[in-house]
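Novice:
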Ligand code: SF4
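In our numbering, the protein residues as written are 221 to 590.
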């Protein structure tokens with residue numbers, strides 16, 4: 221009977237802000253499930269004897285079990301089950317590439333929206349974390365991004381004293397400075413970090429390792445050090461014109477807007493270039509985040525990518541949102557130079573064609589001469 225219900229029930233679709241409305245604000249686009257929707261979606265799960273969804277979850281979340289709790293409208297127990305393995309359910313439920321992981325291997329012919337269910341567990345319940353014991357050893361964690369937070373959580377649960385050292389004035393790493401509010405509200409990040417603090421994890425903000433304190437000094441204070449400094453350095457193309465005004469790495473452009481709230485200038489005194497037209501070079505999630513941020517700053521935006529839409533590393537869900545928001549795409553185009561006097565005015569591109577797969581397994585792209 222249970223399987224019969226699951227096979228006939230339709231996937232629950234959450235409400236979203238309309239494209240016309242959302243390009244005028246930075247609020248979250250996807251509004252998530254109502255409690256009732258999460259209950260209906262959870263009931264579709266087949267509760268497989270061998271849950272294939274769990275095999276592709278990098279955090280090893282007990283997916284089948286937490287979904288069964290939501291099917292009984294028990295979001296508190298669902299959250300407790302997730303927290304056995306993952307301290308960032310509200311964050312992962314929003315930004316995990318679930319279509320490449322748990323959802324991809326779900327055997328239901330219509331797939332279960334596992335990430336949205338994880339999000340609903342986090343949104344409709346509050347984490348209650350407690351240590352099993354207290355150990356005397358202390359650990360330093362350098363960096364407060366997802367890796368640092370997860371490490372701090374696992375160690376704190378085991379009873380270690382943990383201090384996270386963060387260079388910026390806000391904890392969260394890329395969650396705080398890189399992913400825009402319209403994809404990941406900072407209130408969600410704050411809620412999940414504050415649960416860690418309740419567990420006794422301390423944070424030392426504005427602390428640059430190597431300047432504020434050296435690694436050697438840290439090793440004297442703590443019994444072990446975990447380095448989770450991330451991969452935050454931008455990758456430039458080395459083409460002429462990259463030094464012109466209003467040319468940003470996505471990293472800087474997003475940091476100015478996400479962490480330093482440049483889009484609220486002059487309320488926040490962070491300057492950022494605004495223009496009628498913006499070009500974004502690249503096809504990953506960060507490129508799409510930058511494009512959608514520029515769109516919300518009032519720009520017409522075109523994303524240039526040297527392969528085709530099929531090879532884009534960005535999540536299809538985010539590409540769809542970008543298209544709905546009026547962002548244009550130019551495929552098989554690679555930049556040669558950026559042009560302008562002091563400020564960038566144009567870009568010159570060359571047409572590409574697809575060729576044999578490269579080391580990443582994706583089709584490579586080669587220039588079409590002339
Ligand atoms: S594979 Fe899909 S249907 Fe089976 S337990 Fe996991 S989410 Fe439910």
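Here a beta-carbon is modelled for each residue, glycine too, at the ideal position from N, C-alpha and C.
1. Spell out the partners DSSP gives residue 308 in its beta bridges.
2. I'd like to confirm something about residue 490: is its beta-carbon nearer than 8 Å to some heavy atom of the ligand SF4, or not?
3. So which of 374, 295, 320 and 353 has the shortest CA-CA distance to residue 338?
4. Which residues in the same chain as residue 586 place their Cβ atom closer than 7 Å to its Cβ, once the five residues preceding and following it in sequence are excluded?
5. Distance check for residue 313 and residue 470, CA to CA, integer angstroms please.
6. Compute the Euclidean distance between the alpha carbons of residue 222 and residue 555, then round it to the nearest angstrom.
7. Considering only DSSP beta bridges, list what residue 422 is partnered with.
8. Give me, in chain order, the residues of the same chain whose beta-carbon lies closer than 8 Å to that of residue 284; leave out the 5 immediate sequence neighbours on both sides.
9. Count the other CB atoms, across all protein chains shown, that sit within 10 Å of the CB of residue 561; report buried if there are 16 or more and exposed otherwise.
10. Using the C-alpha atoms, what's the distance from residue 255 back to residue 520?
11. Less than 8 Å between the CB atoms is what I'm expecting for residue 315 and residue 302, so what's the real figure, rounded?
12. Could you have a look at residue 236 and say whether DSSP puts it in helix, strand or coil?
13. Just checking residue 497 against the ligand SF4 - is the residue's beta carbon closer than 8 Å to any of the ligand's heavy atoms?
14. If you run the structure through DSSP and keep just helix, strand and coil, what is residue 413?
15. Looking only at C-alpha atoms, which of 323, 524, 306 and 331 sits nearest to residue 591?
16. Any contact between the region 483-501 and the region 518-532? By contact I mean 3 or more CB pairs, one from each, below 8 Å.
17. Measure the beta-carbon distance from residue 364 to residue 334 and round it to whole angstroms, keeping in mind my assumption that it falls under 8 Å.
18. Along the chain, which unbroken stretches of the beta strand (DSSP E) at least 3 residues long are found entirely within the region 280-305?
19. Using the Cα positions of residue 224 and residue 558, report the straight-line distance between them to the nearest angstrom.
20. Contact check, residue 545 vs residue 239 under 8 Å by CB: the rounded distance?
21. Determine which residues share a DSSP beta bridge with residue 501 and list them.
22. Which one of 513, 476 and 534 has the shortest CA to CA distance from residue 504?
23. Give a yes or no on contact between the region 475-490 and the region 439-449, applying the rule of three or more CB pairs nearer than 8 Å.
24. Is the closest heavy atom of the ligand SF4 to the C-beta of residue 266 under 8 Å?
25. Does the beta-carbon distance from residue 341 to residue 377 come in below 9 Å?
26. Return yes when the C-beta of residue 472 is under 8 Å from any heavy atom of the ligand SF4, and no when it is not.
27. Mapping the DSSP letters down to three states, classify residue 352 as helix, strand or coil.
28. If you reduce the DSSP assignment to three classes, tell me which class residue 558 lands in.
29. For residue 466 versus residue 564, is the C-beta distance shorter than 9 Å?
30. Buried or exposed: which applies to residue 542, given that a residue is buried once 16 or more other Cβ atoms fall within 10 Å of its Cβ?
Specialist: On the basis of the coordinates in this document:
1. Counting from one through the chain shown, the residue named residue 308 turns up at place 88. Paired residue(s): none; residue 308 is not in a bridge.
2. On the chain shown, position 270 is the one that residue 490 refers to. Here the distance from the Cβ of residue 490 to the nearest heavy atom of the ligand SF4 is not below 8 Å.
3. For the purposes of this step, residue 338 is identified with residue 118 of the chain shown, where counting begins at 1. Residue 338 has its Cα closest to that of 295, out of 374, 295, 320 and 353.
4. Along the chain shown, read from residue 1 onward, the residue named residue 586 stands at position 366. Only 572, 573 and 575 meet the Cβ criterion.
5. Residue numbering aside, residue 470 sits at position 250 when the chain shown is read from its first letter. Residue numbering aside, residue 313 sits at position 93 when the chain shown is read from its first letter. Approximately 24 Å, taken between the alpha carbons.
6. Counting from 1 along the chain shown, the entry for residue 222 is found at position 2. Counting from 1 along the chain shown, the entry for residue 555 is found at position 335. Any reading at residue 222 needs caution, since the residue's pLDDT is 41, under 50, leaving its predicted position unreliable; the model's value is listed next. Spanning the two alpha carbons is a distance of roughly 55 Å.
7. Numbered from its first residue, the chain shown carries residue 422 at position 202. In the DSSP assignment, residue 422 forms a beta bridge with 383.
8. Counted from its first residue, the chain shown places residue 284 at position 64. Counting only Cβ-Cβ distances below 8 Å, and skipping sequence neighbours, we find 265, 267, 268, 271, 273 and 274.
9. What you label residue 561 is simply residue 341 of the chain shown in a count that begins at 1. So residue 561 counts as exposed.
10. The residue you call residue 520 lines up with position 300 of the chain shown. The residue you call residue 255 lines up with position 35 of the chain shown. CA-CA distance, residue 520 to residue 255, rounds to 37 Å.
11. Translated into the one-based positions of the chain shown, residue 315 becomes position 95. Translated into the one-based positions of the chain shown, residue 302 becomes position 82. Their Cβ separation, rounded to whole angstroms, is 15 Å, which puts residue 315 and residue 302 out of contact at 8 Å.
12. Position 16 of the chain shown holds residue 236. Three-state result, residue 236: strand.
13. In the chain shown, residue 497 corresponds to position 277, counting from 1. Not so, every heavy atom of the ligand SF4 lies at least 8 Å from the Cβ.
14. Counted from its first residue, the chain shown places residue 413 at position 193. Helix, per DSSP.
15. Since the first residue of the chain shown is 221 and the last is 590, residue 591 is not available in this structure.
16. yes
17. Residue 364 sits at position 144 when you count from the first residue of the chain shown. Residue 334 sits at position 114 when you count from the first residue of the chain shown. About 26 Å; that fails the 8 Å criterion.
18. none
19. Here residue 224 refers to the residue found at position 4 when the chain shown is read from its first residue. Here residue 558 refers to the residue found at position 338 when the chain shown is read from its first residue. Its pLDDT being 43, under 50, residue 224 is placed unreliably by the model, and the measurement read from it follows with that caveat. When rounded, the distance between both Cα atoms is 59 Å.
20. By 1-based counting over the chain shown, the position of residue 545 is 325. By 1-based counting over the chain shown, the position of residue 239 is 19. Correct: roughly 5 Å between the Cβ atoms.
21. Indexing the chain shown from 1 puts residue 501 at position 281. Answer by DSSP bridge pairing, in chain order: 524.
22. As a working note, residue 504 is residue 284 in the chain shown. Comparing Cα-Cα distances from residue 504 to each of 513, 476 and 534, the minimum goes to 534.
23. no
24. Numbered from its first residue, the chain shown carries residue 266 at position 46. The answer is yes for residue 266.
25. By one-based count along the chain shown, residue 341 stands at place 121. By one-based count along the chain shown, residue 377 stands at place 157. No.
26. Locating residue 472 in the chain shown gives position 252, where the first residue counts as 1. False, no ligand heavy atom lies under 8 Å from that Cβ.
27. For the purposes of this step, residue 352 is taken as residue 132 along the chain shown, with counting starting at 1. Looking at residue 352 - three-state DSSP - the assignment turns out to be coil, as it is neither helix nor strand.
28. Locating residue 558 in the chain shown gives position 338, where the first residue counts as 1. Of the three classes helix, strand and coil, the one that applies to residue 558 here is strand, per DSSP.
29. Taking the chain shown and counting its residues from 1, one reaches residue 466 at position 246. Taking the chain shown and counting its residues from 1, one reaches residue 564 at position 344. Contact: yes.
30. Walking along the chain shown from the start, residue 542 turns up at place 322. With 16 or more Cβ atoms within 10 Å of its Cβ, residue 542 is classed as buried.
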